[in-house]
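In this note's numbering, the protein residues as written are 915 to 1232. Glycine is no exception: its CB is placed at the ideal position from the N, C-alpha and C atoms. As the structure is a computational prediction, the values presented were derived from the model and not from experiment. One structure is given below, encoded as structure tokens.
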């Protein structure tokens, strides 16, 4: 039995199995792609694609991530957001919001499948996160909703209370919980928190022509705040092989390119109930095409199975 398959037999497997944190690397790739090499004021609506797929395989296990970004009317989306028990929710600055969906499917040796999905609504003008829905099925199922406020992040969580409830939709799950994550007491260390996939401004600056590092950014991930730093890497020759699709046409792109690289690392700010949450373990590296800033490879050191590379397999251009 592989180390990866064995980890599913342990207690708290989600926190120990390296493949289950692959979605974090995907979100970082999305952030880099959304930035398209522009500065902090760039609009995420300027990206040249509407969806993309990345994939990695190791030890007979496969992770597939599907990413989609949509422009939606704020008036229709805001009523879907939950209220916050504390803090004043951030307002929307314009008529539209963006919804970023990242769905990751893990196909495990032996036939087991785990699926988790992030849906983040954010303000395209301020790059400020507004509302987040996180779900996981196939292993310790949950349904989480987050509202971002001026005082912190409010979370509502729902889980099945029994094996019988697992087969039912989340609205019928009866194990409920809520929590409010206040900003760190040292606001200098966390003056403007963003959500994991909202690393757009920082990565955007560092993938531009200015080959210098920026100040670390405060990032909220799941239940804790982190300081995330991004550093430019030397240009590297990266092979690629993916399908490029447009309306009415498609073509396979195969070759090698001198790709732009950035490395990303994190350290926690404080703790959550005495524990420190793992975030970016061993650092991650992104390699993007030099012109369009399309994510070609996401490389990260994951526990148990070592370094994994998620490669671009398909992209839908506007």
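Exercise for the section: Indicate the three-state DSSP secondary structure (helix, strand or coil) for residue 1111 in the structure shown. Expected result: The residue you call residue 1111 lines up with position 197 of the chain shown. Three-state DSSP puts residue 1111 in a helix.
Problem - C-beta contact flag for residue 1168 and residue 970 at 8 Å - result: Position 254 of the chain shown holds residue 1168. Position 56 of the chain shown holds residue 970. Their beta carbons are not under 8 Å apart, which means residue 1168 does not touch residue 970 by this criterion.
Handout entry: CB contact flag (residue 1157, residue 977, <8 Å)
Key = Walking along the chain shown from the start, residue 1157 turns up at place 243. Walking along the chain shown from the start, residue 977 turns up at place 63. Against a cut-off of 8 Å, the Cβ pair of residue 977 and residue 1157 comes out as no contact.
Exercise for the section: Output yes or no for whether 8 Å exceeds the beta carbon distance between residue 1030 and residue 1018. Expected result: Working through the chain shown from its first residue, we reach residue 1030 at position 116. Working through the chain shown from its first residue, we reach residue 1018 at position 104. Closer than 8 Å, so yes.
Problem - Cβ pair residue 1032, residue 1046 closer than 8 Å - result: Start at 1 with the first residue of the chain shown, and residue 1032 comes out as number 118. Start at 1 with the first residue of the chain shown, and residue 1046 comes out as number 132. Their beta carbons are under 8 Å apart, which means residue 1032 touches residue 1046 by this criterion.
Exercise for the section: With residue 1164 as the anchor, note down where its beta strand (DSSP E) starts and where it stops. Expected result: Counted from its first residue, the chain shown places residue 1164 at position 250. In the DSSP assignment, residue 1164 falls within the unbroken beta strand (DSSP E) covering 1163–1183.
Practice task
Please confirm if the stretch 1065–1081 is in contact with the stretch 1143–1155, defined as three or more CB-CB distances below 8 Å between the two stretches.
Solution key: Judged by Cβ distances under 8 Å, the stretch 1065–1081 makes no contact with the stretch 1143–1155, as fewer than three pairs qualify.
Problem - Cβ-Cβ distance between residue 1159 and residue 1044 below 8 Å - result: If you number the chain shown from 1, residue 1159 lands on position 245. If you number the chain shown from 1, residue 1044 lands on position 130. In this structure, residue 1044 does not lie closer than 8 Å to residue 1159 by Cβ.
Exercise for the section: Determine the closest residue to residue 1164 out of 1139, 1212, 1227 and 1130, with distance taken between C-alpha atoms. Expected result: One-based indexing of the chain shown puts residue 1164 at position 250. Ranked by Cα distance from residue 1164, the first of 1139, 1212, 1227 and 1130 is 1227.
Handout entry: Delimiting residues of the alpha helix (DSSP H) encompassing residue 1077
Key = For this step, residue 1077 is matched to residue 163 along the chain shown. Its alpha helix (DSSP H) spans residues 1077–1080.
Practice task
Tell whether a beta-carbon distance below 8 Å holds between residue 1010 and residue 985.
Solution key: Here the question's residue 1010 lines up with position 96 in the chain shown. Here the question's residue 985 lines up with position 71 in the chain shown. A contact, by the Cβ cut-off of 8 Å.
Problem - As assigned by DSSP and simplified to three states, the class of residue 979 - result: Looking up residue 979 in the chain shown gives position 65. Residue 979 falls in the strand class under three-state DSSP.
Handout entry: Assigned exposure category for residue 1109 - 16 Cβ within 10 Å defines buried
Key = Sequence index remark: in the chain shown, residue 1109 carries index 195 (1-based). The residue is buried, with at least 16 neighbouring Cβ atoms inside 10 Å.
Exercise for the section: For residue 990, name the three-state secondary structure that DSSP assigns. Expected result: Taking the chain shown and counting its residues from 1, one reaches residue 990 at position 76. Correct three-state label for residue 990: helix.
Practice task
Return the CA-CA distance between residue 1137 and residue 1095, expressed in angstroms with no decimal places.
Solution key: Within the chain shown, the letter at position 223 stands for residue 1137. Within the chain shown, the letter at position 181 stands for residue 1095. Residue 1137 and residue 1095 have their alpha carbons spaced roughly 7 Å apart.
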